[in-house]
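Student: Structure in C-alpha coordinates, see below.
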Amino acid sequence: MALTPKQEERIRAKIKQIKAALAADKKFWHGYYHDGQGLRYGPPRLFIQLGDYTGGLRYFNWFNKNFPDDARYPDFLFEWAIILFKTHRQNEAKKKVLEAFTRNTYIFDKFFGRPIVPIEKWEGSNLETSEFVINYFQYSDKQENLLEFAEWLDELIQSERFKHFCDEYIEIYKSLKHEHEYKKRVSLIGKANKLEASIKNILLNGMS
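Residue numbers for the sequence shown follow the working numbering, beginning at 2 and rising by one.
Structure (C-alpha coordinates):
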(Lines of atoms letter the chains of each structure in order from A and count residues from 1; the text may use other names and numbers.)
(Lines give C-alpha, C1' and ligand atoms only; values in the text may rest on other atoms or scores of the structure.)
Protein backbone atom coordinates (compact mmCIF):
# COMPACT_ATOMS: atom_id res chain seq x y z
CA MET A 1 0.00 0.00 0.00
CA ALA A 2 1.39 3.37 -1.04
CA LEU A 3 2.21 5.89 1.66
CA THR A 4 0.35 9.15 1.84
CA PRO A 5 2.48 12.30 1.55
CA LYS A 6 1.90 12.90 5.26
CA GLN A 7 3.09 9.40 6.18
CA GLU A 8 6.19 9.81 4.04
CA GLU A 9 6.88 13.17 5.64
CA ARG A 10 6.67 11.65 9.13
CA ILE A 11 9.01 8.79 8.24
CA ARG A 12 11.59 11.13 6.71
CA ALA A 13 11.34 13.35 9.79
CA LYS A 14 12.05 10.29 11.96
CA ILE A 15 15.15 9.43 9.91
CA LYS A 16 16.34 13.01 10.23
CA GLN A 17 15.73 12.92 13.97
CA ILE A 18 17.78 9.72 14.36
CA LYS A 19 20.65 11.12 12.30
CA ALA A 20 20.65 14.30 14.42
CA ALA A 21 20.70 12.25 17.63
CA LEU A 22 23.62 10.17 16.34
CA ALA A 23 25.52 13.32 15.38
CA ALA A 24 24.94 14.72 18.88
CA ASP A 25 26.11 11.42 20.37
CA LYS A 26 29.35 11.60 18.39
CA LYS A 27 29.93 15.19 19.48
CA PHE A 28 29.30 14.34 23.14
CA TRP A 29 31.80 11.47 23.01
CA HIS A 30 34.48 13.62 21.33
CA GLY A 31 34.35 12.11 17.86
CA TYR A 32 33.24 8.60 18.78
CA TYR A 33 29.82 6.95 18.73
CA HIS A 34 28.42 5.39 21.87
CA ASP A 35 24.73 5.02 20.93
CA GLY A 36 23.65 3.04 23.97
CA GLN A 37 20.05 3.26 22.76
CA GLY A 38 20.79 1.45 19.49
CA LEU A 39 19.42 4.30 17.38
CA ARG A 40 21.71 3.29 14.52
CA TYR A 41 19.58 0.21 13.86
CA GLY A 42 16.40 2.17 13.11
CA PRO A 43 16.83 3.86 9.70
CA PRO A 44 16.94 0.77 7.41
CA ARG A 45 13.40 -0.24 8.38
CA LEU A 46 12.26 3.32 7.65
CA PHE A 47 14.00 3.45 4.27
CA ILE A 48 12.31 0.15 3.34
CA GLN A 49 8.93 1.57 4.35
CA LEU A 50 9.61 4.53 2.08
CA GLY A 51 10.83 2.36 -0.79
CA ASP A 52 13.92 4.58 -0.79
CA TYR A 53 16.46 1.85 -1.35
CA THR A 54 19.16 4.18 -2.66
CA GLY A 55 18.87 6.19 0.54
CA GLY A 56 19.05 2.95 2.50
CA LEU A 57 22.20 1.91 0.66
CA ARG A 58 23.83 5.25 1.46
CA TYR A 59 22.93 4.73 5.10
CA PHE A 60 24.49 1.26 5.17
CA ASN A 61 27.66 2.59 3.56
CA TRP A 62 27.81 5.22 6.32
CA PHE A 63 27.09 2.56 8.96
CA ASN A 64 29.84 0.27 7.66
CA LYS A 65 32.34 3.12 7.85
CA ASN A 66 31.37 4.26 11.34
CA PHE A 67 30.53 0.93 13.00
CA PRO A 68 32.86 -1.57 11.29
CA ASP A 69 33.05 -3.92 14.28
CA ASP A 70 29.36 -3.84 15.18
CA ALA A 71 27.92 -7.29 15.98
CA ARG A 72 24.65 -6.45 14.10
CA TYR A 73 21.21 -7.86 14.75
CA PRO A 74 19.80 -10.61 12.49
CA ASP A 75 16.86 -8.46 11.35
CA PHE A 76 19.23 -5.57 10.62
CA LEU A 77 21.33 -7.83 8.39
CA PHE A 78 18.16 -9.05 6.69
CA GLU A 79 17.20 -5.43 5.97
CA TRP A 80 20.68 -4.91 4.55
CA ALA A 81 20.10 -7.87 2.21
CA ILE A 82 16.76 -6.42 1.09
CA ILE A 83 18.31 -3.06 0.26
CA LEU A 84 21.27 -4.62 -1.56
CA PHE A 85 18.86 -6.73 -3.62
CA LYS A 86 16.67 -3.73 -4.39
CA THR A 87 19.72 -1.79 -5.60
CA HIS A 88 20.81 -4.65 -7.90
CA ARG A 89 23.72 -5.90 -5.78
CA GLN A 90 22.66 -9.52 -5.63
CA ASN A 91 25.98 -11.13 -4.78
CA GLU A 92 26.44 -8.76 -1.84
CA ALA A 93 22.82 -9.43 -0.84
CA LYS A 94 23.58 -13.16 -0.74
CA LYS A 95 26.39 -12.48 1.73
CA LYS A 96 24.08 -10.53 4.03
CA VAL A 97 21.43 -13.26 3.81
CA LEU A 98 24.08 -15.71 4.93
CA GLU A 99 25.16 -13.45 7.80
CA ALA A 100 21.54 -13.03 8.89
CA PHE A 101 21.16 -16.82 9.00
CA THR A 102 24.29 -17.27 11.11
CA ARG A 103 22.92 -14.71 13.59
CA ASN A 104 19.56 -16.51 13.76
CA THR A 105 18.91 -19.81 12.01
CA TYR A 106 15.12 -19.41 12.31
CA ILE A 107 14.91 -16.22 10.26
CA PHE A 108 13.96 -17.84 6.93
CA ASP A 109 11.18 -19.88 8.50
CA LYS A 110 9.71 -16.75 10.04
CA PHE A 111 9.93 -14.79 6.78
CA PHE A 112 8.20 -17.53 4.77
CA GLY A 113 5.57 -18.23 7.42
CA ARG A 114 6.79 -21.76 8.09
CA PRO A 115 6.52 -23.51 11.46
CA ILE A 116 9.32 -22.44 13.78
CA VAL A 117 10.68 -25.46 15.63
CA PRO A 118 13.37 -24.75 18.25
CA ILE A 119 16.58 -26.68 17.60
CA GLU A 120 18.62 -28.18 20.42
CA LYS A 121 21.83 -26.30 19.66
CA TRP A 122 24.11 -23.80 21.34
CA GLU A 123 22.69 -20.28 21.14
CA GLY A 124 25.04 -17.70 22.60
CA SER A 125 22.51 -14.92 23.09
CA ASN A 126 18.78 -14.20 22.91
CA LEU A 127 19.35 -12.86 19.37
CA GLU A 128 19.95 -16.42 18.20
CA THR A 129 16.76 -17.91 19.64
CA SER A 130 13.46 -18.76 18.01
CA GLU A 131 11.76 -16.36 20.43
CA PHE A 132 13.69 -13.44 18.94
CA VAL A 133 12.30 -13.86 15.43
CA ILE A 134 8.83 -14.69 16.71
CA ASN A 135 8.68 -11.51 18.79
CA TYR A 136 10.78 -9.01 16.85
CA PHE A 137 11.20 -9.98 13.19
CA GLN A 138 8.66 -7.99 11.17
CA TYR A 139 9.12 -9.06 7.55
CA SER A 140 7.09 -11.54 5.49
CA ASP A 141 7.15 -12.95 1.98
CA LYS A 142 3.55 -11.73 1.65
CA GLN A 143 4.50 -8.05 1.80
CA GLU A 144 3.85 -6.46 -1.58
CA ASN A 145 7.16 -4.62 -1.68
CA LEU A 146 9.08 -7.84 -0.93
CA LEU A 147 7.48 -10.29 -3.38
CA GLU A 148 10.36 -10.19 -5.86
CA PHE A 149 12.92 -10.37 -3.06
CA ALA A 150 11.07 -13.35 -1.54
CA GLU A 151 11.14 -15.25 -4.84
CA TRP A 152 14.87 -14.60 -5.20
CA LEU A 153 15.57 -15.56 -1.58
CA ASP A 154 13.60 -18.79 -1.82
CA GLU A 155 15.55 -19.83 -4.90
CA LEU A 156 18.81 -19.05 -3.11
CA ILE A 157 18.11 -20.93 0.10
CA GLN A 158 16.69 -23.94 -1.76
CA SER A 159 19.90 -24.34 -3.77
CA GLU A 160 21.88 -27.46 -2.88
CA ARG A 161 24.99 -25.50 -1.96
CA PHE A 162 23.17 -23.17 0.41
CA LYS A 163 21.12 -25.96 2.02
CA HIS A 164 24.29 -27.97 2.59
CA PHE A 165 25.90 -24.99 4.31
CA CYS A 166 22.87 -24.43 6.57
CA ASP A 167 22.66 -28.10 7.54
CA GLU A 168 26.37 -28.34 8.31
CA TYR A 169 26.36 -25.05 10.25
CA ILE A 170 23.46 -26.21 12.44
CA GLU A 171 25.15 -29.57 13.09
CA ILE A 172 28.24 -27.77 14.39
CA TYR A 173 26.12 -25.75 16.81
CA LYS A 174 24.28 -28.88 17.91
CA SER A 175 27.67 -30.32 18.84
CA LEU A 176 28.57 -27.12 20.71
CA LYS A 177 25.44 -27.52 22.84
CA HIS A 178 26.87 -30.63 24.48
CA GLU A 179 30.62 -30.02 24.18
CA HIS A 180 32.19 -28.51 27.31
CA GLU A 181 35.88 -29.07 26.70
CA TYR A 182 37.45 -25.71 25.84
CA LYS A 183 39.80 -26.84 23.08
CA LYS A 184 37.08 -28.81 21.33
CA ARG A 185 34.70 -25.84 21.53
CA VAL A 186 37.34 -23.58 20.01
CA SER A 187 37.85 -26.12 17.24
CA LEU A 188 34.12 -26.31 16.49
CA ILE A 189 33.73 -22.53 16.42
CA GLY A 190 36.74 -22.31 14.13
CA LYS A 191 35.13 -24.89 11.85
CA ALA A 192 31.90 -22.85 11.73
CA ASN A 193 33.81 -19.66 10.93
CA LYS A 194 35.79 -21.39 8.19
CA LEU A 195 32.60 -22.81 6.71
CA GLU A 196 30.96 -19.37 6.70
CA ALA A 197 34.02 -17.75 5.08
CA SER A 198 34.10 -20.42 2.39
CA ILE A 199 30.44 -20.07 1.39
CA LYS A 200 30.71 -16.26 1.46
CA ASN A 201 33.54 -16.45 -1.04
CA ILE A 202 31.44 -18.68 -3.28
CA LEU A 203 28.40 -16.40 -3.06
CA LEU A 204 30.38 -13.23 -3.74
CA ASN A 205 31.75 -14.83 -6.88
CA GLY A 206 28.25 -15.20 -8.26
CA MET A 207 27.45 -18.80 -7.41
CA SER A 208 24.35 -19.87 -5.48
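Note that CB positions come from ideal geometry on N, CA and C, so glycine has one too.
(1) Skipping 5 residues on each side, what residues in its chain have a beta carbon closer than 8 Å to that of Leu-23?
(2) Since Tyr-60 and Pro-45 should fall inside the 8 Å C-beta cutoff, what is the C-beta to C-beta distance between them, to a whole number of angstroms?
(3) So, for Ser-209: in the same chain, excluding its five sequence neighbours on each side, which residues have a beta-carbon less than 8 Å away from its beta-carbon?
(4) How many Å lie between Glu-197 and Thr-130 at the Cα?
(5) In chain order, which alpha helix (DSSP H) runs of at least 4 residues are fully inside the region 164–188?
(6) Which word fits Leu-78, buried or exposed, when buried means at least 16 other C-beta atoms lie within 10 angstroms of its C-beta?
(7) Please confirm whether Leu-177 and Lys-122 have their CB atoms less than 8 Å apart.
(8) Where does Trp-123 fall in DSSP's three states?
(9) Do you know how far the Cα of Ile-171 is from the Cα of Thr-106?
(10) Which whole-angstrom value is the C-beta distance of Gly-1 and Ile-49, which I expect to be below 8 Å?
(11) Might you give, ordered along the chain, the residues of its own chain that have their beta carbon closer than 7 Å to the beta carbon of Ile-173, omitting 5 neighbours on each side?
(12) Pull up the distance between the alpha-carbon of Glu-10 and that of Asn-67, whole angstroms please.
(13) Are the region 81–96 and the region 110–129 touching, with three or more C-beta to C-beta distances below 8 Å?
(14) In terms of residues, what are the limits of the alpha helix (DSSP H) holding Val-98?
(15) Nearest-angstrom Cα distance between Leu-4 and Gly-52?
(16) Once DSSP output is grouped into helix, strand and coil, what is the label at Ile-190?
(17) Compute every distance between the C-beta of Arg-59 and the non-hydrogen atoms of the ligand PLP, then say whether any falls below 7 Å.
(18) Tell me whether Trp-30 sits in a helix, a strand or coil according to DSSP, three-state version.
(19) Can you tell me which of the three DSSP states Asp-36 falls into?
(20) In this structure, how does DSSP classify Gln-18 when only helix, strand and coil are distinguished?
(21) Under a Cβ-count criterion, where at least 16 other Cβ atoms within 10 Å of its own Cβ denotes burial, should Lys-195 be classed as buried or exposed?
Tutor: Let me spell this out:
(1) Scanning its chain for C-beta atoms nearer than 8 Å, with the 5 sequence neighbours on each side dropped, one finds around Leu-23 the residues Tyr-34, Asp-36, Leu-40 and Arg-41, in chain order.
(2) Tyr-60 to Pro-45, Cβ: 7 Å. Contact.
(3) Low confidence applies here, because Ser-209 scores a pLDDT of 45, under 50, leaving its location unreliable; read the following figure in that light. These residues qualify, in order along the chain: Lys-95, Glu-156, Leu-157, Ser-160, Arg-162 and Phe-163.
(4) The alpha-carbon separation between Glu-197 and Thr-130 amounts to approximately 19 Å.
(5) You should have found no qualifying run.
(6) Taking a 10 Å sphere around the C-beta of Leu-78, we find 16 or more other C-beta atoms and assign the residue as buried.
(7) Lys-122 sits close to Leu-177, with the two beta carbons spaced by under 8 Å.
(8) Trp-123 falls in the coil class under three-state DSSP.
(9) The alpha-carbon atoms of Thr-106 and Ile-171 are separated by roughly 8 Å.
(10) The requested residue 1 is not part of the displayed model; the chain covers only 2 to 209.
(11) Within the same chain, Ile-173 has close Cβ partners Leu-189, Lys-192 and Ala-193.
(12) So the alpha carbons of these two residues sit roughly 27 Å apart.
(13) Taking one beta carbon from each stretch, the region 81–96 and the region 110–129 have fewer than 3 pairs nearer than 8 Å; the two do not touch.
(14) Counting along the chain, the alpha helix (DSSP H) containing Val-98 begins and ends at 91–104.
(15) Leu-4 and Gly-52: Cα-Cα distance of roughly 10 Å.
(16) It is helical.
(17) This structure does not include the ligand PLP; it has no bound ligands of any sort.
(18) Trp-30: coil per DSSP, three-state reduction.
(19) The answer is coil: DSSP assigns Asp-36 none of H, G, I, E or B.
(20) In this structure, Gln-18 counts as helix in the three-state DSSP scheme.
(21) Lys-195 is exposed by the Cβ-count criterion.
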